[in-house]
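Take the sequence shown: its letter number 23 is residue 23 in our numbering, and every next letter is one higher.
Written below as structure tokens is the structure these notes are about.
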Amino acid sequence: MKIYYENDIDMEILADKKIAVIGYGSQGEAQARNMADSGLEVIVGLRRGGPSWKKAHDDGMNVMTVEDASREADIVHILIPDEIQETVFEQSIKPYLREGNTISFSHGYNIHYGYIRAPDGVNVTMVAPKGPGAMVRRTYLEGFGIPGLVAVEVDATGDALEQALAMAKACGLARAGVLETTFKEETETDLFGEQAVLCGGVTELINTAFRTLVRAGYQPEIAYFETCHELKLIVDLIYERGFQGMWHNVSNTAEFGGLTRRKRVITEETEEEMQKILEEIQNGKFAKEWTLENRAGAPMLKRMRALEGELEIEKVGSKLRKLCGLEK
């Protein structure tokens with residue numbers, strides 16, 4: 001696999017191009033400010049009077065409506081939520097695209113599942129930091145960066161990859177390393193990671209373990225510390241040193257217990273369900289479900305959010321996080 005670093009990338013390809021960053025949330029702010037600080041001409045496209053308009057202006061950015069920014073730009077980098085991208089693209093971006101322009105994303109969802117289709121003659125690229133926007137900005141200011149991905153779905157001009165790499169470098173990603181992928185690979189692996197591990201799997205694992213201890217008569221506060229609070233310490237060890245480094249830094253008792261019992265928690269049945277989740281991502285079933293949910297006003301998501309707030313672990317955790325100075 002090819003990994004690109006700063007010396008591999010020439011930013012001159014963007015010297016005469018205007019880049020419109022659509023959206024000024026976590027990623028929009030970080031990427032727009034990093035690219036501007038790297039010397040690129042950046043426009044921020046927002047809804048006039050929206051909550052981010054004043055913030056972007058106060059940050060010194062050149063702020064325009066989405067329509068005006070799309071009209072002015074050579075590259076339109078779309079960093080608004082997946083569920084509204086199609087509507088905004090059709091109404092406020094697509095009418096202003098010209099042959100030779102580029103539309104760019106940090107997640108391949110809408111391109112991969114066909115909700116957004118670029119006009120003929122327009123590049124479709126991806127620049128995707130592998131970390132939250134706050135970290136993208138902080139590490140850039142510290143003189144480093146986080147790894148990133150680039151991908152090209154449509155190369156209409158013959159230099160789409162070079163443009164994406166230059167944007168990645170301007171965001172600071174090439175300081176750590178930039179890997180080339182595809183829209184399909186990034187989208188499907190990203191969704192799977194979120195659902196099976198990072199967001200879905202880990203929260204259910206934590207809550208099930210917490211409830212097991214509480215049902216057995218242990219204090220909820222002790223259960224929270226053992227099943228949730230200390231998880232960060234283990235994740236940090238794995239992040240920094242891998243599995244073996246983590247095992248080396250816990251007790252022999254923890255190592256033996258973990259290695260001999262883990263397959264009883266993550267069973268063959270669990271693995272089979274993970275495979276089904278992946279298949280639903282690959283065949284578009286999840287994307288259709290998410291589209292229908294949004295068209296209906298997201299009733300299921302709103303209900304699940306409300307139920308999540310009522311969990312005992314959430315109430316106990318809020319109290320303990322305040323004691324630890326993590327929450328006000």
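Note that beta-carbon positions come from the ideal geometry of N, C-alpha and C, so glycine has one too.
Taking 9 Å as the cut-off, the Cβ atoms of residue 129 and residue 171 count as close.
For residue 132, the CB contacts under 7 Å within the same chain, skipping 5 residues up- and downstream, are 26 in chain order. In this model, residue 246 and residue 297 are separated by some 43 Å (Cα to Cα). Shortest Cα-Cα distance from residue 38 to any of 89, 174 and 232 involves 174. Excluding its 5 nearest sequence neighbours in each direction, residue 183 has C-beta neighbours in its own chain below 7 Å: 108, 111, 112, 126, 151 and 153, listed in chain order. Sequence-distant partners of residue 121 (beyond 5 residues in either direction) whose C-beta falls short of 7 Å from its own C-beta, in its chain, are 99, 100 and 156.
In the DSSP assignment, residue 235 falls within the unbroken alpha helix (DSSP H) covering 231 to 249.
Secondary-structure assignment with DSSP links residue 202 through no beta bridge to anything. Note that the C-beta distance between residue 144 and residue 176 is below 9 Å. Distance from the CA of residue 92 to the CA of residue 163, rounded to the nearest whole angstrom, comes to 23 Å. DSSP places residue 55 in the helix class (H, G or I) of the three-state scheme. Here DSSP, grouped into helix, strand and coil, assigns residue 81 to coil. Contact between the region 183 to 200 and the region 45 to 57 is absent: fewer than three C-beta pairs spanning the two stretches fall below 8 Å.
Under DSSP, the beta-bridge partners assigned to residue 148 are 129 and 178. Selection 229, 192, 58 and 196 evaluated against residue 209 yields 229 as nearest (Cα-Cα). Residue 19 is a Cβ neighbour of residue 43, given a cutoff of 9 Å.
As far as DSSP is concerned, residue 252 takes part in no beta bridge. Less than 9 Å divides the Cβ of residue 75 from the Cβ of residue 17.
C-alpha of residue 257 to C-alpha of residue 61: approximately 54 Å in a straight line. The region 233 to 247 makes no contact with the region 203 to 223: fewer than 3 CB pairs, one atom from each, lie closer than 8 Å. Nearest C-alpha to residue 168 among 328, 106, 141 and 81: 106.
With fewer than 16 other Cβ atoms inside 10 Å of its own Cβ, residue 323 counts as exposed. Straight-line measurement puts the Cα of residue 204 at about 12 Å from the Cα of residue 266. Between residue 321 and residue 327 a beta carbon distance of about 4 Å is seen, short of the 8 Å cut, so the two are scored as contacting.
Residue 45: member of the beta strand (DSSP E) spanning 41 to 46, first to last residue. Taking residue 292 as reference, the option from 309, 277, 84 and 244 with the minimal CA-CA separation is 84. In the three-state reduction of the DSSP assignment, residue 115 falls in the coil class.
Shown here, residue 157 sits in coil according to DSSP, grouped into three states, outside any helix or strand. Per DSSP, residue 189 is one residue of the alpha helix (DSSP H) stretching across 183 to 192.
Following the DSSP letters along the chain, one finds residue 89 in no alpha helix (DSSP H), marked with neither H nor E. Pairing residue 180 with residue 282 gives a Cβ-Cβ distance that is not under 9 Å. Taking the Cα positions, residue 309 is about 24 Å away from residue 192.
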